[in-house]
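Following: one structure in structure tokens, then a few remarks.
2 protein chains.
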Amino acid sequence: MPARAQTSKPERYDELLCAAAECFQKQGFAATSIDTVARHVGATKGRVYHYFPSKMDLFNAVRDRAMELVFDAIRPALEADLSVIERLTAMSLAHTRVMMRHHSYMQVLLDGLQMQRFGATTEFQRQAMQRHLQERDDYETCFREVLQQGVCEGVFQVDHLSITLQSFLIALNGPVFWYRPRPGDNDATHDEIAGKVVRYAMAGLGVGDLPVPSTTSERPSERPSERHGHE
Amino acid sequence: MPARAQTSKPERYDELLCAAAECFQKQGFAATSIDTVARHVGATKGRVYHYFPSKMDLFNAVRDRAMELVFDAIRPALEADLSVIERLTAMSLAHTRVMMRHHSYMQVLLDGLQMQRFGATTEFQRQAMQRHLQERDDYETCFREVLQQGVCEGVFQVDHLSITLQSFLIALNGPVFWYRPRPGDNDATHDEIAGKVVRYAMAGLGVGDLPVPSTTSERPSERPSERHGHE
DNA sequence: TTGACGGCATACCGAGTAGTATGTTTTGGT
DNA sequence: ACCAAAACATACTACTCGGTATGCCGTCAA
Numbered sequence: 002m003p004a005r006a007q008t009s010k011p012e013r014y015d016e017l018l019c020a021a022a023e024c025f026q027k028q029g030f031a032a033t034s035i036d037t038v039a040r041h042v043g044a045t046k047g048r049v050y051h052y053f054p055s056k057m058d059l060f061n062a063v064r065d066r067a068m069e070l071v072f073d074a075i076r077p078a079l080e081a082d083l084s085v086i087e088r089l090t091a092m093s094l095a096h097t098r099v100m101m102r103h104h105s106y107m108q109v110l111l112d113g114l115q116m117q118r119f120g121a122t123t124e125f126q127r128q129a130m131q132r133h134l135q136e137r138d139d140y141e142t143c144f145r146e147v148l149q150q151g152v153c154e155g156v157f158q159v160d161h162l163s164i165t166l167q168s169f170l171i172a173l174n175g176p177v178f179w180y181r182p183r184p185g186d187n188d189a190t191h192d193e194i195a196g197k198v199v200r201y202a203m204a205g206l207g208v209g210d211l212p213v214p215s216t217t218s219e220r221p222s223e224r225p226s227e228r229h230g231h232e
Numbered sequence: 002m003p004a005r006a007q008t009s010k011p012e013r014y015d016e017l018l019c020a021a022a023e024c025f026q027k028q029g030f031a032a033t034s035i036d037t038v039a040r041h042v043g044a045t046k047g048r049v050y051h052y053f054p055s056k057m058d059l060f061n062a063v064r065d066r067a068m069e070l071v072f073d074a075i076r077p078a079l080e081a082d083l084s085v086i087e088r089l090t091a092m093s094l095a096h097t098r099v100m101m102r103h104h105s106y107m108q109v110l111l112d113g114l115q116m117q118r119f120g121a122t123t124e125f126q127r128q129a130m131q132r133h134l135q136e137r138d139d140y141e142t143c144f145r146e147v148l149q150q151g152v153c154e155g156v157f158q159v160d161h162l163s164i165t166l167q168s169f170l171i172a173l174n175g176p177v178f179w180y181r182p183r184p185g186d187n188d189a190t191h192d193e194i195a196g197k198v199v200r201y202a203m204a205g206l207g208v209g210d211l212p213v214p215s216t217t218s219e220r221p222s223e224r225p226s227e228r229h230g231h232e
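Sequences listed follow chains Z and B, in order.
Okay, so the first sequence: first residue is 2 according to our numbering, each after it adds one.
Okay, so the second sequence: first residue is 2 according to our numbering, each after it adds one.
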């Protein structure tokens, strides 16, 4: 019955990882059983435990992948030679796009960071949790520093730095909560929505007009004004 | 052993409800056992099942209470005779305050609305879910209509109504995710933070200066700039 | 052809959990 | 003082789920 498909090992790994992300997203960690994930790819527990030593490791792998995705997304904007407003805009656009494109992973990531759910577990687990919190912190710091620099330059109107940063980031994360993919949605759709989200978020900093990105400068054709299908 | 304390029946009910809110918040629905909730108030399962027919009913009761809390909070601002900006500001302040004051309840509320976790249950359960989604929708509509009116009057700069509304609301909900109560925090602290959050959210609509509320017009003394303890 | 190994499926164990059935104490009316 | 009925606690059942042990089956090197 192990009818070896014509897929390489990393592909099988990724397939499981992706299935796990979707299950964890829809049902949460505790409510998702190993069997659920296995059935989601037409397999059984054996396969899952062949690739991941435990349920917790599977969950951590999903989060690691998610973190990797967001970091990779904003890296170009971080390293490019841009003004403060341009840099923050580019970072925010990239961030928001990833929120929609990989929104199963992202929801799992936010969920996991949200709760200490795993307080009473092993010491090793505690370390993994600490590592994730640290990465989240590092990620936030990327935005914090750009924001801080903008405040120094006087291009942002910021009342309280931490509160404003949190409000800004939560606005960017918004699509994770209210965006649901529709048939026909593609990268262009995501770009368009991300543009509007970022416009709102930047306006909160007192920035009225956004810089036009050099590469992607397509005019967002107005979508129908019905609500976006947040479930 | 049922050493009846000198508390009335509604008080015992509320005590259980509050404990359930905290447990569901910290560990999620699936990971929270009835015994966990019971032990949290120094009781056993018997007491919980005496007041609530099932775990699901307990969860629904928490959400009902949460919905009640937010609706009650913004009602005064809805019924008062105010300008669009004043009304939206008052609603937002009230909303954000509740997010912090009852943030266990609020996190359970958002969690529950977020996931369809309970898709494969009884028909009765599906109805309860539908009811909650409808209430959420009604609540959003309160804000949507004020926003819409402001757009008509030209006092808000809004690109896309639905996306802006979602971004606005998620910013107001922000404290649920990043605010953690500190020793010494009280209503005044919450007012101060809520003020800053609302300022950001309104700025996103292009409103630079907030109206001074008639009743609570205390100058928010600047807090230390260290971060707020989002874990 | 064969043997060995990777890649799984299957069967099973132990721990925990929702819900129930029943016993026991407290309370309030008379 | 007495007695329902309320307000629980305790014991138990049926079931789920994480994890393990084992075994089968195809693939490939020799």
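Heads up, the beta-carbon is just placed ideally off N, CA and C, and yes, glycines get one too.
Item	Value
Measure the C-alpha to C-alpha separation of Z:THR45 and Z:ASP36 and round it to an integer number of angstroms.	6 Å
To which residues of the same chain is Z:VAL147 closer than 8 Å at the C-beta, ignoring the five residues directly before and after it?	VAL85, ARG88, LEU89, MET92
Of the residues Z:LEU94, Z:GLU141, Z:LYS197, Z:HIS51, which one's Cα is nearest the Cα of Z:PRO11?	Z:HIS51
At which residues does the alpha helix (DSSP H) containing Z:PHE72 begin and terminate?	56 to 80
Identify whether Z:GLY209 lies in helix, strand or coil by the three-state DSSP scheme.	coil
When you compare only the Cα positions, how much space is there between Z:ASP73 and B:VAL199?	32 Å
Short check: CB of B:PRO1 to CB of B:MET100, under 8 Å?	The structure shown does not extend to residue 1 of chain B, since chain B spans only 2 to 232, so no value can be given for it.
Z:PHE125: buried (16+ other C-beta within 10 angstroms of its C-beta) or exposed?	exposed
To the nearest whole angstrom, what separates the beta carbons of Z:ALA22 and Z:TYR106, a pair I think is in contact under 8 Å?	5 Å
Please list the residues of the stretch 154 to 170 of chain B that have a C-beta atom closer than 8 Å to any C-beta atom in chain Z, keeping them in chain order.	GLN158, ASP160, HIS161, LEU162, SER163, ILE164, THR165, GLN167, SER168, PHE169
Under 8 Å between C-beta atoms, does B:HIS229 make it to chain Z?	Because B:HIS229 sits at a pLDDT of 49, beneath the cut-off of 50, its placement in the model cannot be relied upon, and the following sentence gives the value as read from the coordinates. By this cut-off, B:HIS229 is an interface position.
For Z:PRO39, is the classification buried or exposed, using 16 other Cβ atoms within 10 angstroms of its Cβ as the cut-off for buried?	Before going on, a small fix: residue 39 of chain Z reads as Ala here, not Pro. Z:ALA39 comes out buried.
In the stretch 176 to 200 of chain B, which residues sit with their C-beta less than 7 Å from some C-beta in chain Z, listed in chain order?	PHE178, TRP179, ILE194, LYS197, VAL198, ARG200
For a test of the three-state rule: what should DSSP assign to B:HIS104, helix, strand or coil?	helix
By DSSP, does B:ALA91 sit in helix, in strand, or in coil?	helix
Taking C-beta to C-beta, are Z:LEU17 and Z:VAL42 nearer than 8 Å?	yes
Taking Z:PHE169 as part of the alpha helix (DSSP H), name the residues at either end of that continuous run.	162 to 179
Can you grab the Cα-Cα spacing for the pair B:PRO71 / Z:GLU80, in whole Å?	Before going further, note that residue 71 of chain B is Val rather than Pro in the sequence given. Straight-line Cα distance between these residues: approximately 43 Å.
When the Cβ atoms of the stretch 149 to 164 of chain B are set against those of the stretch 53 to 67 of chain Z, are three or more pairs found closer than 8 Å?	no
Can you tell me the Cα-Cα spacing of Z:LEU111 and B:ASP82, whole angstroms?	39 Å
Could you run through the stretch 99 to 118 of chain Z and flag, in chain order, every residue whose CB is less than 9 Å away from some CB of chain B?	GLN108, LEU111, ASP112, LEU114, GLN115, MET116, GLN117, ARG118
In this structure, how does DSSP classify B:THR142 when only helix, strand and coil are distinguished?	helix
Please confirm if Z:GLN28 has its CB atom under 8 Å from at least one CB of chain B.	yes
Once DSSP output is grouped into helix, strand and coil, what is the label at Z:THR33?	coil
Report buried or exposed for B:ALA202, applying the criterion of at least 16 other Cβ atoms within 10 angstroms of its Cβ.	buried
What does the alpha-carbon distance come out to for the pair B:ALA95 and B:GLY29?	26 Å
So which residues on chain Z does B:GLY47 lean against when the C-beta distance must stay under 8 Å?	Neighbours of B:GLY47 on chain Z: none; closest Cβ ~24 Å, over 8 Å.
For a test of the three-state rule: what should DSSP assign to B:PHE157, helix, strand or coil?	coil
Does the beta carbon of Z:PRO212 sit closer than 8 Å to a beta carbon anywhere in chain B?	no
Could you check the C-alpha separation between B:PHE25 and B:LEU59 for me, to the nearest Å?	10 Å
Give the secondary structure of B:MET130 by DSSP, where H, G and I count as helix, E and B as strand, and everything else as coil.	helix
Along the stretch 18 to 43 of chain Z, what residues have a CB closer than 9 Å to any CB found in chain B?	GLN26, LYS27, GLN28, GLY29, PHE30, ALA31, ALA32, THR33
When burial is assigned at 16 or more other CB atoms within 10 Å of the CB, is Z:ARG76 buried or exposed?	exposed
Please compile the residues from chain B whose C-beta is within a distance smaller than 8 Å of the C-beta of Z:GLY205.	ALA172, TYR201, ALA202, ALA204, GLY205
Tell me whether the beta-carbon of B:PHE144 lies closer than 8 Å to the beta-carbon of B:LEU170.	yes
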